[in-house]
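Undergrad: Under this note's numbering, residues 17 to 636 are what the sequence shown spells out, in order. A virtual CB, placed ideally from N, CA and C, is assigned to each residue, including glycine.
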Amino acid sequence: MMRYIANEPVKAAVVMAAGMGTRFGHYTDYIPKGFIECGGISMIERSIKTLIESGIEHIIIGTGYHREKYESLAKRYSQIECVFLPRYAETNSMYTLFNCREAIGDDDFLLLESDLIYEKRAITSLIDNPEQTIMLITPATKFQDQYYVAYDETHQLTMCSTDKTQLDAKGELVGIHKLSNSFFKAMCLDYSDKVDEQPKLGYEYELLSMAQNGSRVYVHNIAGLHWYEIDDLSDLSYAEKEVIPYLNQSGIHIKRNVLLNPGPATTTDTVKMAQVVPDICPREKEFAGLMKGLRSDLCKVAHAPEPEYTSVLFCGSGTINIDICINSLVPEGKKILVVNNGAYNSRAVEVCQMYHIPHIDLKSSVFEQPNLDDVEKTLKENPDVAVVYCCHHETGTGVLNPIREIGALAHKYGAIMISDTTSSLGMIPFDIVKDNVDFCMASAQKGLMAMSGLSFVIGRRSIIEASKNYPTRSYYCNLYMQYECFEKTGEMHFTPPVQTIYATIQALKEYFEVGEEAKFARHRRVYEALKKGVAELGLKEAIKDEIQSGLVVSVKYPNSPNWSFEKVHDYCYERGFTIYPGKISTTNTFRLCALGTLDVQDVKDFFVVLKEGLNSLGLS
């Protein structure tokens, strides 16, 4: 299995706020530009709140004009450190950044300007991105007075300029960046030779100079990001009318619960709010168009090339997919082999039993991966096996099964491979072709971090079409019937979960903006933090490290008469953290899962609460 090892998330930010803001006229007679209010709050305080909510712990503000305002702000926010630039009137942004180097120390950091309003994902998308030095841009807009940016096929910065005619512009500079400390030190070394001659150099051109001399500056282009740089009163008016309403909507305070259960996952507020849409009949062509795009995007998540593969949507939880695949894809007179080492593979066996489908239950220990020799022996002895079924990630335990190898064996003996990827798709590496899988399945509330109620099967179009002639074992859960309806009308055969579909479309938009590797890396960070917290409390894990998925930590109950899962659960739940019991019949466990929008700070906060809960039971 491919592993993604994340760097430590960025915890520092530098805000450049030394300028005089002369284009605001008398508005800045007594305050610096960053203190101008937009949407009822100053631009700088809006940024400070967003940075802190995103996990930033050290905020360095390079001050100059009316420094006292920022110093007063620092008294209210312990995270703020001010660095005064006496020459603010005769210098520019690179000089400010250069003179913050002592405060920055050895930290990687975010770099941003004080005159910006923006949505939170402008920050989180940089924190989550594995690239070390990043310039954030958006596609070109009608905004004026912007730096236009060009980059090559690897997203390496090649040019930036205020003159759009000087380059093949692919977007506009937002004014928010991520810099590795090594890059920053090299940047300062380069600028130290220029500082006396170019005190008014903008940091953008120093970034460009570094890029053109061989240092990697990754350009992250986010479509649909809401932001604005406010340089004068006309900008302020536009921002109040056009940008603030969206930021206010996306910033509606919704209590955030940290879900450490195996799903549904903790979601972004923008995904939640995506459900608030005008009512629409799902039989309209407009809605069919939305589902067409959604189906295609789901194939991209699984790396399933169209048209060889397609996705078929259903209304229901993840279990409906197990039902659909098993009842729809086993031909008459053939068997299905269920490679069974956990609760969700056992659920597949139960489906076979309910439909009276000939099957082999190849059962093995829930604490181990399936034995490949046993799989091959079974296939060799049973040439009538047409389908092999195995869950990719057994969420009940956290065991990751070798589906690539099992799929290869299935194909060797003329069978197709179905894998339940409900709790792995979009969270750990998966490629439907490379992993030798013919059909996979998932639901929106897991790795996609959307809402419950929408599930989907991704699989080979040719096999779906062949299944038309297989026994019809279900009316509602028939794969071919639903596929045929999509192909003819673009619609589900029955009423779809409309609002959930809107939420899923938004979740996929955010998925692709972050990028799968960055998302995988974040889940891995959370997983490692969970394991660390468990070890520090002296708790024991049930599953060996080498077969764990990197998504679930199965924790054994403490061996104490004072232990009560219900009491610990309730203690954590009341404080905004949800934990979930395990699914190992022979061993009492609870699970801590690295799903959803969680990051390391959420885990740290959880373990403070968990420790308190354990102490309350005398389990310190």
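If you draw a straight line from the alpha carbon of residue 570 to that of residue 605, how long is it in whole angstroms?
TA: Their Cα atoms are separated by approximately 6 Å.
Undergrad: Would you call the stretch 299-317 in contact with the stretch 498-510, where contact means no fewer than 3 C-beta pairs closer than 8 Å?
TA: Touching, yes.
Undergrad: For the beta strand (DSSP E) that contains residue 457, what are its first and last residues?
TA: Its beta strand (DSSP E) spans residues 455-459.
Undergrad: Run through DSSP, which three-state label would residue 286 get?
TA: Of the three classes helix, strand and coil, the one that applies to residue 286 here is helix, per DSSP.
Undergrad: Are at least three pairs of beta-carbons, each pair with one atom in the stretch 419-439 and one in the stretch 393-402, less than 8 Å apart?
TA: Result yes; three or more Cβ-Cβ pairs closer than 8 Å.
Undergrad: Taking the beta strand (DSSP E) that residue 356 falls in, what are its first and last residues?
TA: Unbroken beta strand (DSSP E) run through residue 356: 351-356.
Undergrad: State the start and end residues of the unbroken alpha helix (DSSP H) segment that holds residue 176.
TA: That residue, residue 176, is in no alpha helix (DSSP H); its beta strand (DSSP E) goes 173-177.
Undergrad: Could you tell me whether the stretch 90-103 touches the stretch 625-635, using the rule of 3 or more Cβ pairs below 8 Å?
TA: No, the stretch 90-103 is not in contact with the stretch 625-635.
Undergrad: Quick one: what's got a C-beta closer than 7 Å to residue 411's C-beta in the same chain, skipping five residues either side?
TA: Excluding sequence neighbours, residue 411 sits near 278, 360, 439 and 568.
Undergrad: As a quick exercise: from 339, 390, 383 and 389, pick the residue whose alpha carbon is nearest that of residue 369.
TA: The shortest Cα separation from residue 369 among 339, 390, 383 and 389 belongs to 339.
Undergrad: At which residues does the alpha helix (DSSP H) containing residue 237 begin and terminate?
TA: Here residue 237 belongs to no alpha helix (DSSP H); instead the beta strand (DSSP E) covers 234-237.
Undergrad: Would you grab the beta carbon distance between residue 59 and residue 50 for me? Rounded to a whole angstrom, and I think it's under 8 Å.
TA: With a Cβ gap of about 5 Å, residue 59 and residue 50 count as contacting.
Undergrad: Starting from the Cα of residue 613, find the closest Cα among 143, 52, 39 and 103 and give me that residue.
TA: Nearest of 143, 52, 39 and 103 to residue 613, Cα basis: 143.
Undergrad: Tell me whether the beta-carbon of residue 102 lies closer than 8 Å to the beta-carbon of residue 71.
TA: It is not a contact, given that the beta carbons lie outside the stated cut-off.
Undergrad: Could you give the distance in angstroms between the alpha-carbon of residue 244 and the alpha-carbon of residue 134?
TA: Going by the C-alpha atoms only, they are around 7 Å apart.
Undergrad: For residue 454, is the classification buried or exposed, using 16 other Cβ atoms within 10 angstroms of its Cβ as the cut-off for buried?
TA: Burial call: buried.
Undergrad: Buried or exposed for residue 130, going by 16 or more other Cβ atoms inside 10 Å?
TA: Result: buried.
Undergrad: Between 62, 599 and 45, which lies nearest to residue 264 when the distance is taken from Cα to Cα?
TA: Measuring from the Cα of residue 264, the nearest candidate turns out to be 62.
Undergrad: Would you report the Cα separation of residue 611 and residue 601, rounded to the nearest angstrom?
TA: The alpha-carbon atoms of residue 611 and residue 601 are separated by roughly 23 Å.
Undergrad: On the DSSP letters alone, give me the boundaries of the alpha helix (DSSP H) that residue 620 sits inside.
TA: Note, residue 620: alpha helix (DSSP H), 616-632.
Undergrad: Check the Cβ-Cβ distances between residue 628 and every residue of chain D, and say whether any is below 8 Å.
TA: Protein chain content of the structure displayed is limited to a single chain, and chain D is not contained in it.
Undergrad: Please name the residue, chosen from 296, 457, 321 and 349, that lies closest to residue 364 on a Cα-to-Cα basis.
TA: Taking only the C-alpha atoms, the option nearest residue 364 is 457.
Undergrad: Can you tell me the Cα-Cα spacing of residue 168 and residue 356, whole angstroms?
TA: Distance between the alpha carbons of residue 168 and residue 356 is about 48 Å.
Undergrad: So residue 526 packs on residue 83, CB below 8 Å; how close in whole Å?
TA: About 38 Å; that fails the 8 Å criterion.
Undergrad: Thinking just about the alpha-carbon of each residue, which of 147, 110 and 237 is nearest to the one in residue 214?
TA: Cα-wise, what sits closest to residue 214 is 110.
Undergrad: Are the stretch 540-557 and the stretch 327-338 touching, with three or more C-beta to C-beta distances below 8 Å?
TA: No, they do not touch.
Undergrad: Kindly indicate which residue of 104, 204, 230 and 528 has the alpha-carbon position closest to the one of residue 442.
TA: Answer by Cα proximity: 528.
Undergrad: With a threshold of 6 Å on Cβ separation, who are the neighbours of residue 69 within its own chain once the five nearest residues in sequence on each side are excluded?
TA: Excluding residues within five positions, none has a Cβ falling inside 6 Å.
Undergrad: CB-CB under 6 Å to residue 534, same chain, minus the five flanking residues each way: which ones, in chain order?
TA: Answer for residue 534: 144, 145 and 146, listed in chain order.
Undergrad: For the candidate residues 253, 470 and 107, whose alpha-carbon lies nearest to that of residue 329?
TA: Residue 329 has its Cα closest to that of 470, out of 253, 470 and 107.
Undergrad: With distance defined between alpha-carbon atoms, name the residue in 510, 552, 174 and 191 nearest to residue 162.
TA: Residue 191 is the option with its Cα nearest to residue 162.
Undergrad: Look up residue 596 in the DSSP assignment and say whether it is helix, strand or coil.
TA: Residue 596 falls in the strand class under three-state DSSP.
Undergrad: In this structure, how does DSSP classify residue 211 when only helix, strand and coil are distinguished?
TA: The answer is coil: DSSP assigns residue 211 none of H, G, I, E or B.
Undergrad: If you run the structure through DSSP and keep just helix, strand and coil, what is residue 44?
TA: Correct three-state label for residue 44: helix.
Undergrad: What does DSSP give as the partner residues of residue 377 in its beta bridges?
TA: DSSP output for residue 377 lists 354 as bridge partner(s).
Undergrad: Do residue 256 and residue 54 have their beta-carbon atoms positioned less than 8 Å apart in this structure?
TA: Yes; because the gap between Cβ atoms is below 8 Å, this pair is in contact.
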